[in-house]
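Asker:
Numbering (UniProt numbering), first residue to last: 1 to 278.
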């Protein structure tokens with residue numbers, strides 16, 4: 001497990017490119033027939049990917065020991081969104097099928113977690129976030145029809161996009177985890193601009209749906225001390241609550257956002273005027 005410590009905004013602004021990438025960038029999300037796991041001290045979020053190809057991937061009791069509990073989700077909830085082929089997921093003996101761009105929420109207390117691909121030639125790619133939890137809510141799948149879709153932006157401002165909300169109060173109950181997906185249309189390349197912070201929640205962006213020649217310049221830092229991280233396909237970036245989080249790509253792209261913190265209010269944002277960004 002890769003552990004990332006919290007970092008003060010005053011320290012962050014002194015870092016060079018290598019230092020910023022070391023602290024905030026998650027370069028490798030998917031490995032064949034394995035799971036990856038990054039544990040951030042920022043709100044105790046866990047970020048990773050599960051990619052079963054020929055074998056079943058399990059997250060067993062050995063993971064719980066790293067968290068000081070008996071099993072991974074003893075005191076946690078988990079949300080995942082599939083960006084690959086169809087997956088079969090078995091949670092405590094109950095089988096769920098999660099297709100491309102569908103999600104699964106797994107409630108606190110689930111002990112046995114098994115992940116398989118329906119077709120090894122089209123392996124599932126299950127991107128997940130996990131947050132500390134105080135209550136058990138039911139495990140369930142979320143299809144695209146279950147989500148809340150919100151069109152935003154325009155071609156004139158290069159940010160025409162659709163935000164699709166998967167794990168939000170209008171869809172299902174969670175303790176503190178929110179997740180969704182934003183897809184930009186052809187000809188658009190800006191996300192979350194004009195930008196914002198939300199002091200009450202941290203956020204992670206996972207960029208994907210990019211070809212080998214496409215990169216995204218992810219903007220971060222305090223509004224008057226901005227920095228950037230160059231993102232390639234299927235990489236994630238951690239955003240503390242004091243940091244902006246927006247980006248511009250050389251082509252269109254898609255990203256999954258995940259938030260945990262004090263509330264589940266999607267539009268609880270502290271907007272930053274364009275004239276105030278430095």
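Heads up, the beta-carbon is just placed ideally off N, CA and C, and yes, glycines get one too.
Note the first and the last residue of the continuous beta strand (DSSP E) segment covering residue 17.
Answerer: Taken as a continuous stretch (DSSP letters only), residue 17 belongs to no beta strand (DSSP E), being part of the alpha helix (DSSP H) at 17–24.
Asker: What does the Cβ neighbour count give for residue 97, buried or exposed, with the cut at 16 atoms within 10 Å?
Answerer: Residue 97 should be labelled exposed.
Asker: Select from 160, 48, 108 and 68 the residue whose C-alpha is nearest the C-alpha of residue 80.
Answerer: Comparing Cα-Cα distances from residue 80 to each of 160, 48, 108 and 68, the minimum goes to 48.
Asker: Can you name, in chain order, every residue of its own chain whose Cβ lies under 6 Å from the Cβ of residue 210, other than the five neighbours on each side?
Answerer: So the qualifying residues of the chain are 233 and 253.
Asker: Under the three-state reduction of DSSP, which class applies to residue 274: helix, strand or coil?
Answerer: If DSSP states are grouped into helix, strand and coil, residue 274 belongs with the helices.
Asker: Residue range of the beta strand (DSSP E) that residue 61 falls in?
Answerer: Not the beta strand (DSSP E): residue 61 falls in the alpha helix (DSSP H), residues 61–66.
Asker: In whole angstroms, what separates the C-alpha of residue 292 from that of residue 150?
Answerer: This structure leaves residue 292 out entirely; the chain is present only between 1 and 278.
Asker: Where residue 158 and residue 188 are concerned, what is the direct C-alpha to C-alpha distance, given to the nearest angstrom?
Answerer: About 4 Å.
Asker: Beta strand (DSSP E) containing residue 218: first to last residue?
Answerer: From DSSP, the beta strand (DSSP E) with residue 218 extends over 216–220.
Asker: In chain order, what residues of the same chain have a beta carbon less than 6 Å from the beta carbon of residue 39, not counting five sequence neighbours either side?
Answerer: Around residue 39: 1, 3 and 46.
Asker: If we ignore side chains and look at the alpha-carbon of each, how far apart do residue 78 and residue 204 end up?
Answerer: Looking at the two C-alpha atoms, the distance is approximately 14 Å.
Asker: Looking only at C-alpha atoms, which of 201, 101, 257 and 71 sits nearest to residue 180?
Answerer: Nearest option by C-alpha distance: 257.
Asker: Please report the distance separating the alpha-carbon of residue 6 from that of residue 222.
Answerer: Taking the straight line from one Cα to the other gives about 15 Å.
Asker: Give me the DSSP bridge partner(s) of residue 89.
Answerer: According to DSSP, which records beta bridges pairwise, residue 89 is partnered with 96 and 115.
Asker: Grouping DSSP H, G and I as helix and E and B as strand, with all else coil, what is residue 178?
Answerer: If DSSP states are grouped into helix, strand and coil, residue 178 belongs with the strands.
Asker: Go ahead and pull the three-state DSSP assignment for residue 13.
Answerer: It is coil, neither helix nor strand.
Asker: Could you give the residue range of the beta strand (DSSP E) that holds residue 148?
Answerer: First-last of the beta strand (DSSP E) with residue 148: 148–152.
Asker: Our contact map puts residue 259 next to residue 194 with C-beta atoms below 8 Å; I'd like the distance itself, whole angstroms only.
Answerer: Not quite, the Cβ-Cβ distance comes to about 18 Å (not below 8 Å), so this is no contact.
Asker: Which term fits residue 155, buried or exposed, when burial requires 16 or more other beta carbons within 10 angstroms of its beta carbon?
Answerer: Exposed, because fewer than 16 other Cβ atoms sit within 10 Å of the Cβ of residue 155.
Asker: Below 7 Å CB to CB, which residues in the same chain sit around residue 153 once its five sequence neighbours on both sides are set aside?
Answerer: The answer, listed in chain order, is 159, 160, 161 and 188.
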